[in-house]
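Chemist: Once you've had a glance at the structure underneath, I'll fire off some questions.
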Amino acid sequence: MRVFFDRELDTAATYWRIFRRDGIVIGFTSHDRDLVFGGIRHRAAPGMVPAAIRMTSDLSEDSAGVDGTLSHDSIRATDLESGLFDQASIEIGIVDWQAFDSYAIYSGTLGRIEDDRRGFSAELRSAKAILEQDLVPRTSPTCRAVFCGRGCGLSAIRFTQRVNLAAFDADLNRVSFDGLPSANYIDGQVRFLDGPQTGMAFGILSANGGWLTLDRPLSDQTSIGTPAELREGCDHTLATCSGRFGNAINFRGEPFLPGNDLLARYGQGAG
């Protein structure tokens, strides 16, 4: 294996690989020309620099970051706003720009991304981040299970339809599909099967007059007629679970458990 920085003058450059959830892979390098290795073209991006990378041998979270400019065609402000880079996997390493030997020094996922319209900074999260998740269920009046997910027991296919985009309003960030009734799609999701946001899941915030308002910006390059999967929603209440779905047996909540306000009440004696 190539040993880097074992000489006074080394032909080394850093590289970044971003693996988006829609299947797009983007590579960058700090070198002054594009480098192709590992089957990926890494575009020259001298303006992108890695922040300090901290890696530990214990269970504490590793940390890293990357700063860059929004001038590169592969990372645009509209793409960041549309969520194309949300939870993307990332790899940072060193490459010999002559022999193309490379070594990955960090891998993780993109966390918080900050954009000031002139540049961006991204927080990177390693695989240890999963250790920070609270795996102990907490009581709640509503169902904690994901609709049609683990613990719910309902089939996603049963409540999902293939539709085509009939219209969209970019200003209000809302869409309309094939004249379907909108009442049952609040808290549901839309997943486009073609176009610039292929594979991304959009949450449905509200429904009004056949329009569905989405929870993240819709690309202005989306075309009328774009196919999508539209899944019904659930408000996670016991009434909906029982009355609409007949699935109360799988309800993951405690709607009748007294809340903390009961402990704060004054005692009342018999009069």
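If you count by the working numbering, then the sequence shown holds residues 25 to 295, one letter each, in order.
Even glycine gets a Cβ: it sits at the ideal position worked out from N, Cα and C.
1) According to DSSP, is L262 part of a helix, a strand, or is it coil?
2) So, with DSSP's three-state summary, where would you put L134?
3) So the beta strand (DSSP E) S54 belongs to, where does it begin and stop?
4) Report the partner residues of P165 according to the DSSP bridge assignment.
5) Should S221 be labelled buried (16 or more other beta-carbon atoms within 10 Å of its own) or exposed?
6) Only counting the same chain, and skipping five residues up and downstream in sequence, which positions put a Cβ closer than 6 angstroms to that of F275?
7) Between which residues of its own chain and I64 is the CB-CB distance below 8 angstroms, once the five residues before and five after are set aside?
8) Starting from the C-beta of G117, find all residues in its chain whose C-beta is less than 6 angstroms away, skip the five residues before and the five after it, and write them out in chain order.
9) Is the beta carbon of R45 less than 8 angstroms from the beta carbon of A112?
10) Enumerate in chain order the residues of its own chain whose CB-to-CB distance from G175 is below 6 angstroms, with the five nearest sequence positions on each side excluded.
11) If you compare alpha carbons, which of A272, T246 and H260 is closest to S377?
Modeler: Checking against the coordinates, here is how it stands:
1) helix
2) strand
3) S54 -> no beta strand (DSSP E), and no H or E assigned at all.
4) Its beta-bridge partners do not exist; DSSP assigns none.
5) Per the sequence shown, the amino acid found at residue 221 is Gln instead of Ser. Per the 10 Å Cβ criterion, buried.
6) C167, L262 and C265
7) R41, V49 and G51
8) Closer than 6 angstroms at the Cβ level, and outside the excluded window around G117, lie Y39, S126, Y127, A128 and I129.
9) A contact, by the Cβ cut-off of 8 angstroms.
10) Take G175, set aside five residues on each side of it, and the residues of its chain with a beta-carbon closer than 6 angstroms to its own are A169 and R276, in chain order.
11) Outside the shown range of the chain (25 to 295) lies residue 377, about which nothing can therefore be said.
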